[in-house]
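Here is the structure we will look at, set down as structure tokens.
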Amino acid sequence: MASKQEGSAIRFCRKGAWTAEEDRKLAEYIETHGAKKWKTVATKSGLNRCGESCRLRWLNYLRPNIKKGNISPDEEDLIVRLHKLLGNRWSLIAGRLPGRTDNEIKNYWNSHLSKKIYSTKITDGTTGAPAAPPPTTMAKVQVEVQATHHHESQADNTELSFGVGDSLDDSVEGTSAMDCIIKFLELDENPPPPPPGPNH
DNA sequence: AATCTGCGCAACCGCATTGGT
DNA sequence: CACCAATGCGGTTGCGCAGAT
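Residues in the first sequence are numbered from 348 upward in steps of one, following this note's numbering.
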């Protein structure tokens with residue numbers, strides 16, 4: 348019986364907007380069992396949804412400590428700077444903005460900031476290539492950050508700062524972490540003179 | 001008052017990466 | 001060491017709402 352239901356759940360993933368009832372079921376299940384093994388979550392929670400769909404819904408909407416809307420000028424500035432550094436690594440950028448999701452930042456960038464940046468570039472006369480060509484792998488991100496700062500040790504710190512495993516939890520993401528990023532970004536704006544080293 | 005256009009948000013799809021067997 | 005499955009990420013699309021004409 349159960350196996351049949353599970354099978355159908357996997358084969359016929361419901362699509363479209365989530366209902367309040369689905370949200371409740373998902374939240375209830377995750378509260379009890381935790382947010383892991385999304386395929387299992389999808390089947391055991393009684394939702395005819397794909398695991399990926401459940402994950403997205405949880406991360407972008409149901410998860411606690413999520414801020415909705417009202418992106419402050421500070422956050423906007425941070426997003427612009429981080430995007431300049433990291434390119435379209437939305438999850439990394441989101442990791443530095445407590446309570447924000449990669450999807451929200453991505454949407455915000457696409458609808459607001461990209462236009463803003465573009466018009467700024469037109470004004471500056473610096474048209475052409477995007478702020479940061481999107482690297483395809485984390486390794487490339489590291490290389491890019493290193494290249495940006497022309498300083499190995501700094502790049503190493505950066506890599507630590509931008510750990511992917513960071514959660515959006517406000518309790519973890521303290522002011523000091525944010526301060527660290529802001530400092531880091533200040534360095535990006537006013538980079539110290541590169542030491543005479545192996546770096547070009 | 002009705003229609004059209006643009007904007008913002010939520011969700012889906014495909015690809016890449018990582019972990020386990 | 002190779003293969004398979006699961007997970008995560010980024011890009012793109014669709015839907016609904018608000019404002020302008």
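Positions of the beta carbon are idealized from the N, C-alpha and C atoms, including for glycine.
Fill in: Test item: CB-CB of residue 418 and residue 448 under 8 Å
no
Worksheet item: Is the number of C-beta pairs between the region 397–411 and the region 363–382 that are closer than 8 Å three or more?
Response: Segments in contact, yes.
Practice prompt. Would you mind sorting residue 430 into buried or exposed? The rule is 16 or more other CB atoms within 10 Å of its CB.
Written response: buried
Worksheet item: Which residues in the same chain as residue 373 place their Cβ atom closer than 7 Å to its Cβ, once the five residues preceding and following it in sequence are excluded?
Response: If we look at residue 373 and ignore the five residues flanking it on each side, its Cβ neighbours are 392, 394, 401, 404, 405 and 409.
Practice prompt. Counting only the same chain and skipping the five closest in sequence on each side, list residues whose C-beta sits under 6 Å from that of residue 498.
Written response: Residue placement at residue 498 is flagged as unreliable, the pLDDT there being 42, under the threshold of 50; the coordinate-derived value follows with that caveat. There are no such residues.
Worksheet item: Is residue 412 helix, strand or coil when you go by DSSP?
Response: coil
Worksheet item: Of all the options 451, 434, 389 and 381, which has the alpha carbon lying nearest to the alpha carbon of residue 360?
Response: 389
Worksheet item: Is residue 443 buried or exposed, if buried means 16 or more other CB atoms sit within 10 Å of its CB?
Response: Residue 443 is classed as buried because its beta carbon has at least 16 other beta carbons within 10 Å across all chains shown.
Worksheet item: CA-CA distance, residue 600 and residue 432?
Response: The question about residue 600 has no answer, for the chain in this structure spans 348 to 547.
Practice prompt. Report the rounded CA-to-CA distance for residue 386 versus residue 459, giving the unit in angstroms.
Written response: 35 Å
Discussion item. Buried or exposed, going by whether 16 or more other CB atoms sit within 10 Å of the CB of residue 445?
Written reply: Taking all protein chains in view, the Cβ of residue 445 is crowded by 16 or more other Cβ atoms within 10 Å, so the residue is classified as buried.
Worksheet item: Among 457, 397 and 367, which one has its Cα closest to the Cα of residue 426?
Response: 457
Fill in: Span of the alpha helix (DSSP H), counted from its first residue to its last, around residue 456
That residue, residue 456, is in no alpha helix (DSSP H); it is neither H nor E in DSSP.
Practice prompt. For residue 441, I'd like the list of residues in its chain whose CB is within less than 6 Å of its CB, leaving aside the five on either flank, ordered along the chain.
Written response: Its chain contains 447, 448, 449 and 452 as the residues whose beta carbon lies nearer than 6 Å to that of residue 441, once the 5 sequence neighbours on both sides are disregarded; these appear in chain order.
Discussion item. On a Cα-Cα basis, can you pick out the residue from 381, 407 and 383 that is closest to residue 438?
Written reply: 407
Worksheet item: For residue 395, which of helix, strand or coil comes out of DSSP?
Response: coil
Item to complete: For the alpha helix (DSSP H) containing residue 440, list its first residue and its last residue.
Response: 437–442
Practice prompt. Within 10 angstroms of the Cβ of residue 434, are there 16 or more other Cβ atoms? Answer buried if so, exposed if not.
Written response: buried
Item to complete: Give me the Cα-Cα distance between residue 371 and residue 423, rounded to the nearest whole angstrom.
Response: Cα to Cα, residue 371 sits roughly 32 Å from residue 423.
Worksheet item: Taking the C-alpha atoms as reference points, what is the distance between residue 463 and residue 436?
Response: 19 Å
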